[in-house]
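Following: one structure in structure tokens, then a few remarks.
Numbering (full-length UniProt numbering), first residue to last: 1 to 719.
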């Protein structure tokens, strides 16, 4: 923290002596004002104050100035100049040393060391000018200046707060904000809190949170008392790459005075999210720590974390504050492409949960519609969009006139797009998946027919390689990976608008180790636009479109038994849901890769096309959608949302979002679900809402920069 000078305190019931030293200049003062200045030196900050300067009037803020009765002699080199005061005079005399200023009530003595106090009861009191620097300068009776220095600014701020000198307080706070550094920000934050300087406290606190990794390397952090360390570690606003960083910070603080501090370890460790650390880190650095071995409460916390990793299927019952991630560790959410008012958004926006802000980070070189998204090794990938080892890829799709085989890569550091190797075939409505660090483009349409070909992109060689083709041409195919295999489910063999278009119930599985597709058990009914989602070790097929209606059906595939089982249907038909060619669907299916079967799930409460789907906390969520083809004039859109519990095969309605919409993008950040954009039948929406499963509430978040529907919304975790 900035150095603080000691300010001597002097309180009396009568005179208030003031001093004038060489270097003072003639000053004109308002009646009854007490002016404070600090001797400026080279490099000091001077604060100009208008309308009577910075002054303490005789009853400012209900703090009376002590007085005596009689005349007020002002001593100066030319002689005494008596100044009279009607009800009580404040004597000012010339002396050397500190200038004590006393309050009449005797309860709050204040001493203004290193400051000049000038008092007069007339408009002008001539004081002789002599050489030297002026500690307090005033060009006329309305403008004064105060010099701010690092070693005295806190003393001045303390006094100004007590005497309610708002202009001085503001000037001092602004000065301290500019001095913030990892080595002093904790001290400034504490000082601001004590003085009640709200704005300074907020700025200093934000600085501590933003620069926590640098702050913990400094002495101020190591000297903090345990309760202050507890406050820091409990904050979800700390800007850290992972929970391991906070654990290291705790151990650094403990080792600084291990004998006296180890008794606080259990309390402090309870604020660290051990379950969210990697199992390797827990084994190598936490469980093996000898200091933690000595504390039974610490051992209980470590066991809680180990159980969280050993029993992933029970994690929903292990929920606690320690399983809720901090805002900075959940990663970044991207909204890519989609349809906007120009019928094809080319922008990419990035959302940061810590700042609750969307930022436009790049533009694609051209419009791309009907593309997918995937994540490879904590990096964003996709046919349409993807990130491989940092960069983001935009692959295939169509631009409104032609089908594309081009691939673009966005470099987040350089903030620019560049072309990489194109696919051998143009593809739109293509299925995308990531398997063993490579990106697969499955089926789709090339503008003349649906495709059964498959290509694989290797980011290390910058090449697309052909894979064995599927058994059928599939456009609008559902794709997912589970247990080291790539699955393709449903789809159509001709353009979906063709009256004779056939949809499939068949499904197949690709083994990359032998480059082979194998037919698996079909789902119960033909459909395209089916939503595939992996939950545990099973694959769920939710809704879809069968050519006539959107389905409520939900089926679950067990890879071990190669069987599909009917599950609880969605409460609403949707293309998770989806469409079956004639109507929207509310059916949901689940595929088990162990049994090689699709199983029906309980249907949703409504038929839903264009529905948003996500998994969070062991549940499957379906949000929004429409009940008839979106081109119908009477098409209704939904704000309702529902949640599926696979343990009891049941859909339950949850709180609705704020307005009806379809084509909404769902993405999980931390332990919450974000609903991004969408279309309400009249306009493309900028709205972003966040669902808290614990409180069953939706909250409005920062809106998108550009309204869009059908955007690829993906989560990129921190590496």
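All C-beta atoms, glycine included, are put in the ideal place defined by N, C-alpha and C.
Using a 10 Å radius around the Cβ and a threshold of 16 neighbouring Cβ atoms, would you call residue i buried or exposed?
i: residue 49; result: In this prediction, residue 49 has a pLDDT of 46, which is less than 50 and means its spatial position is unreliable; what the coordinates show is noted afterwards. By the neighbour-count rule (16 or more Cβ atoms within 10 Å), residue 49 is buried.
i: residue 347; result: buried
i: residue 277; result: buried
i: residue 231; result: exposed
i: residue 178; result: exposed
i: residue 58; result: Note that residue 58 scores 36 on pLDDT, short of 50, meaning its location in the model is unreliable and no value can be drawn from it.
i: residue 644; result: buried
i: residue 436; result: exposed
i: residue 186; result: buried
i: residue 544; result: buried
i: residue 691; result: buried
i: residue 376; result: Bear in mind that the predicted position of residue 376 carries a pLDDT of just 49, short of 50, making it unreliable; the figure below should be weighed with that in mind. Its Cβ being crowded by 16 or more others within 10 Å, residue 376 is buried.
i: residue 300; result: exposed
i: residue 695; result: exposed
i: residue 196; result: exposed
i: residue 97; result: The predicted position of residue 97 is uncertain, since its pLDDT is 42 and thus under 50; no value can be drawn from it.
i: residue 152; result: buried
i: residue 447; result: exposed
i: residue 310; result: exposed
i: residue 160; result: buried
i: residue 123; result: Only weak support is given to the placement of residue 123: the predicted model assigns it a pLDDT of 36, under 50, and the value that follows is read from those uncertain coordinates. The residue is exposed, with fewer than 16 neighbouring Cβ atoms inside 10 Å.
i: residue 465; result: exposed
i: residue 249; result: buried
i: residue 357; result: exposed
i: residue 225; result: exposed
As a quick exercise: from the options, pick the residue whose alpha carbon is nearest that of residue i.
i: residue 426; options: 436, 286, 420 and 402; result: 402
i: residue 269; options: 282, 541, 233 and 288; result: 233
i: residue 421; options: 456, 399, 446 and 445; result: 456
i: residue 168; options: 181, 180 and 154; result: 154
i: residue 459; options: 529, 351, 450 and 407; result: 407
i: residue 194; options: 158, 206 and 174; result: 158
i: residue 703; options: 696, 714, 715 and 688; result: 688
i: residue 565; options: 510, 254, 646 and 529; result: 646
i: residue 474; options: 434, 527, 220 and 200; result: 527
i: residue 608; options: 599, 219 and 626; result: 626
i: residue 239; options: 451, 352 and 713; result: 352
i: residue 651; options: 675, 601 and 685; result: 601
i: residue 429; options: 715, 716, 147 and 710; result: 710
i: residue 557; options: 508, 173, 548 and 585; result: 508
i: residue 260; options: 468, 223, 305 and 445; result: 223
i: residue 418; options: 363, 398 and 466; result: 363
i: residue 525; options: 510, 637, 534 and 547; result: 547
i: residue 568; options: 495, 180, 615 and 648; result: 648
i: residue 491; options: 529, 510 and 519; result: 529
Pull the bridge partners of residue i from the DSSP assignment, please.
i: residue 551; result: 585
i: residue 467; result: 454
i: residue 600; result: 555 and 589
i: residue 673; result: 668 and 691
i: residue 435; result: 438
i: residue 492; result: 475 and 503
i: residue 709; result: 339
i: residue 480; result: 487
i: residue 509; result: 487 and 518
i: residue 643; result: 621 and 652
i: residue 357; result: 352
i: residue 194; result: Partner(s): none; residue 194 has no beta bridge.
i: residue 209; result: Per DSSP, none; premise fails for residue 209.
Give me the Cβ distance between residue i and residue j, rounded to the nearest whole Å; I'm assuming they're in contact under 8 Å.
i: residue 531; j: residue 478; result: 7 Å
i: residue 279; j: residue 322; result: The Cβ separation is near 15 Å, so there is no contact.
i: residue 542; j: residue 612; result: That pair is no contact at about 11 Å.
i: residue 603; j: residue 642; result: Between residue 642 and residue 603 the Cβ distance is about 11 Å, and since that is not below 8 Å, they are no contact.
i: residue 501; j: residue 522; result: Not really, about 18 Å apart at Cβ, beyond 8 Å.
i: residue 555; j: residue 514; result: Wrong, their Cβ atoms sit about 27 Å apart, outside the cutoff.
i: residue 345; j: residue 297; result: Going by Cβ atoms, the distance from residue 345 to residue 297 rounds to 52 Å, so no, they are not a contact pair.
i: residue 471; j: residue 517; result: 6 Å
i: residue 620; j: residue 563; result: Their Cβ separation, rounded to whole angstroms, is 19 Å, which puts residue 620 and residue 563 out of contact at 8 Å.
i: residue 211; j: residue 241; result: The Cβ separation is near 13 Å, so there is no contact.
i: residue 712; j: residue 668; result: So it is not a contact: roughly 15 Å between Cβ atoms.
Consider the C-beta atom of residue i and the heavy atoms of the ligand MN; say whether any pair is separated by less than 7 Å.
i: residue 547; result: The ligand MN is absent from the structure shown, which contains no ligands of any kind.
- Counting pairs of beta carbons, one from the stretch 325-334 and one from the stretch 308-315, are three or more of them closer than 8 Å? With a cut-off of 8 Å, the stretch 308-315 and the stretch 325-334 do not count as touching, because too few Cβ pairs lie within range.
- Query: Within the chosen definition, does the stretch 428-441 reach the stretch 471-486 through at least 3 CB pairs nearer than 8 Å?
  - Reply: Yes: the two stretches touch, three or more of their Cβ pairs being nearer than 8 Å.
- Task: Decide if the stretch 652-661 is in contact with the stretch 332-342; the criterion is three or more beta carbon pairs, one per stretch, under 8 Å apart.
- Result: Taking a cut-off of 8 Å for Cβ pairs, the stretch 652-661 and the stretch 332-342 do not touch, as fewer than three such pairs fall below it.
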